[in-house]
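Reading through the C-alpha cells given below for one structure.
Residue numbers (our numbering): 138 to 599.
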C-alpha cells in the first residue's frame with residue numbers, strides 16, 4: 138500500500154482524514170516513524186493527539202505501527218503540541234509525535250514528529266520516513282505501552298517561572314481546539330480571572346477556524362474582551378502552539394509586537410542577548426531590539442529554521458509573525474504559546490499600565506497583514522527567483538528567504554514562497570499610508586508579469 142507523498146510537507150505531515158490519512162496509512166507512517174527514530178535517536182517515544190474527530194483512531198493506528206517496530210510508547214492523550222515537546226524534554230524521551238492538523242479545517246489531520254530535545258523532524262528527514270514506508274523497510278519488534286497525564290507537571294513548571302504582580306481578567310478563545318482543555322486551568326493557576334470562549338472541545342470547530350493570526354477569527358474574542366472589561370484576550374490555534382493577543386480596547390497585535398515586549402523584558406536580565414525572528418517582522422522590532430541593547434538576528438520563516446538558528450547561536454528568545462514564540466531562557470527552546478501568553482501576562486501585571494499603553498513609546502507605522510497570493514507549487518519558486526533578481530538589481534535587499542526589499546529606510550516589502558501551501562506570501566510596511574500604497578504598487582507591477590500569481594489580495598486591482 139502506498140502513501141500519498143504530497144502529505145509529507147516542509148514541516149510536518151498533513152492531509153485529508155479518511156482519504157490521505159486512513160487507519161492503514163497512519164499505521165504505515167507509525168512504522169516508518171518508529172524505524173526512523175530508533176535509527177537516529179532511540180525507541181522510547183511519547184505520543185499525543187488533538188481533539189479532531191478522527192484523531193483517536195488515527196493515533197491508535199499510529200501507535201500500533203510504532204509498537205510493531207519495537208518502540209516503547211507513552212500515550213499522553215489529548216494535549217497541545219508544546220505539551221508533547223515538553224514531555225520529550227522533561228522526561229528525556231527519544232522522540233515524540235502529535236496527531237494534529239493544527240488550524241486546518243476539520244476534515245484534515247496530520248502528524249508532527251520530533252526527535253530528542255524536541256528537535257523537529259522535517260524537510261529531508263520526513264522524506265527519509267517516506268522512503269522507509271515506500272521500501273517497506275521497517276524494524277520488527279514488540280514495544281511496551283503505557284499512559285501518562287503530563288498536564289500537572291507542565292502547569293506547575295510554567296507557574297514556577299511566571300509570577301503575576303496582580304490578578305488580571307483574561308478572555309481565552311481556544312476556537313474549540315485542544316488548548317481549551319488546559320489554557321483556562323493554567324491561567325487560573327497563575328491567579329487570573331478567566332472568561333472562557335469556545336473552550337469546549339469540538340472537532341467540528343463550529344465557531345471559527347482556530348487560527349489567531351487571521352483577524353476574522355479574533356472578532357468574537359474582541360467583542361468579549363470589550364463586553365467583559367477584560368485586561369487582555371488570548372486566542373490559541375488548533376494545537377496550542379501559536380497565540381494571538383487583543384488588548385483592552387480590542388486591538389489585535391501581530392506576534393512581532395508581542396516579541397518586542399518579550400525581548401524588552403528579556404534584555405533587562407540578559408543584556409546583549411540575540412533574538413531571532415523571521416523575514417516578515419516589523420522594522421520597529423529590529424530597531425527596538427538594538428535600542429534596548431540586544432542583537433537582532435533574522436532567519437528564514439518556518440518553525441524548523443527558527444529553532445535551528447536559535448540553537449546554532451544560543452539565542453534565548455525567538456518568534457514568528459504567525460504567532461510562534463520560542464523560549465530558551467530557563468526552558469527547552471521550543472515554541473510554547475501558553476508560556477508566551479503567561480510571560481505577557483506577567484509583563485502586563487508588573488507594568489502598572491494597560492496592555493495598549495505598553496506600546497506608548499513604540500513608533501507607529503502603517504503595515505499590512507500577511508497576504509497570500511495563490512501561485513501553483515510548480516511555478517512559485519521560479520517566480521520568486523525572478524523577483525529576487527529584479528529587486529536586488531534595483532534596491533537594497535535581504536535575500537535570506539525570498540526577498541525583503543528596502544524601498545527606503547522606512548518602507549519595505551517582502552515576498553517569499555509559502556512552505557506549506559501553493560501561495561506566495563507578502564507583507565509591507567511604511568511610515569505613511571501613501572508610501573505603503575506606493576510600495577505595494579511597485580511589487581504588484583512586477584507580479585503582473587506572471588499571470589499564474591493571483592492578485593485577489595491587492596485592493597488596487599478594482
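Note that the Cβ used here is the ideal one computed from N, Cα and C, for glycine as well.
With distance defined between alpha-carbon atoms, name the residue in 233, 242, 249 and 155 nearest to residue 145. 249
CA-to-CA distance, residue 568 to residue 398, given in whole angstroms: 21 angstroms
On the DSSP letters alone, give me the boundaries of the alpha helix (DSSP H) that residue 527 sits inside. 514-531
Residue 160 to residue 139 span [Cα, whole Å]: 13 angstroms
Quick check on DSSP: helix, strand or coil for residue 151? If DSSP states are grouped into helix, strand and coil, residue 151 belongs with the strands.
Using the rule of at least 16 other Cβ atoms within 10 Å of the residue's Cβ for burial, across every protein chain shown, is residue 325 buried or exposed? Exposed, because fewer than 16 other Cβ atoms sit within 10 Å of the Cβ of residue 325.
Tell me whether the beta-carbon of residue 213 lies closer than 8 angstroms to the beta-carbon of residue 305. Taking 8 angstroms as the Cβ cut-off, residue 213 and residue 305 do not qualify as a contacting pair.
Please report the Cβ distance between residue 512 and residue 561, rounded to the nearest whole angstrom; I am assuming they are in contact, meaning their Cβ atoms lie under 8 angstroms. 5 angstroms
Per the DSSP calculation, residue 464 is bridged to which residue(s)? 454
Where residue 413 and residue 169 are concerned, what is the direct C-alpha to C-alpha distance, given to the nearest angstrom? 33 angstroms
Neighbourhood of residue 599 by C-beta distance below 6 angstroms, restricted to the same chain and skipping five residues each side: Low confidence applies here, because residue 599 scores a pLDDT of 41, under 50, leaving its location unreliable; read the following figure in that light. Taken in chain order, the list of residues that qualify is empty.
Report the residue ranges of all alpha helix (DSSP H) runs contained in full by the segment 352-390; include only those spanning at least 4 residues, in chain order. 356-365
Give me the residue from 254, 482 and 230 with the minimum Cα distance to residue 383. Among 254, 482 and 230, the Cα nearest to that of residue 383 belongs to 482.
Please determine if the segment 203-221 and the segment 266-286 are in contact, where contact requires at least 3 C-beta pairs separated by less than 8 angstroms. Output reads yes: the segment 266-286 touches the segment 203-221.
Using the DSSP secondary-structure output, state which residues sit across from residue 257 in a beta bridge. 251
When the Cα atoms are used, what is the spatial distance from residue 377 to residue 531? 42 angstroms
Check the DSSP bridge columns for residue 435 and list the partner residues they point to. 414
Determine the burial state of residue 181: buried for a count of at least 16 other Cβ atoms within 10 Å of its Cβ, exposed for fewer. By the neighbour-count rule (16 or more Cβ atoms within 10 Å), residue 181 is buried.
With a Cβ-Cβ cutoff of 8 angstroms, do residue 237 and residue 375 count as a contact? yes
Within the segment 484-513, note down every full beta strand (DSSP E) run reaching 3 residues or more, in order along the chain. Fully enclosed beta strand (DSSP E) runs of 3 or longer: 508-511.
What is the C-beta distance between residue 355 and residue 389, in whole angstroms, given that I count them as a contact (C-beta under 8 angstroms)? The beta-carbon separation of residue 355 and residue 389, rounded to 5 angstroms, stays under the 8 angstroms limit for a contact.
In terms of alpha-carbon separation, which member of 217, 185, 350 and 319 lies closest to residue 283? Ranking 217, 185, 350 and 319 by Cα distance to residue 283 puts 185 first.
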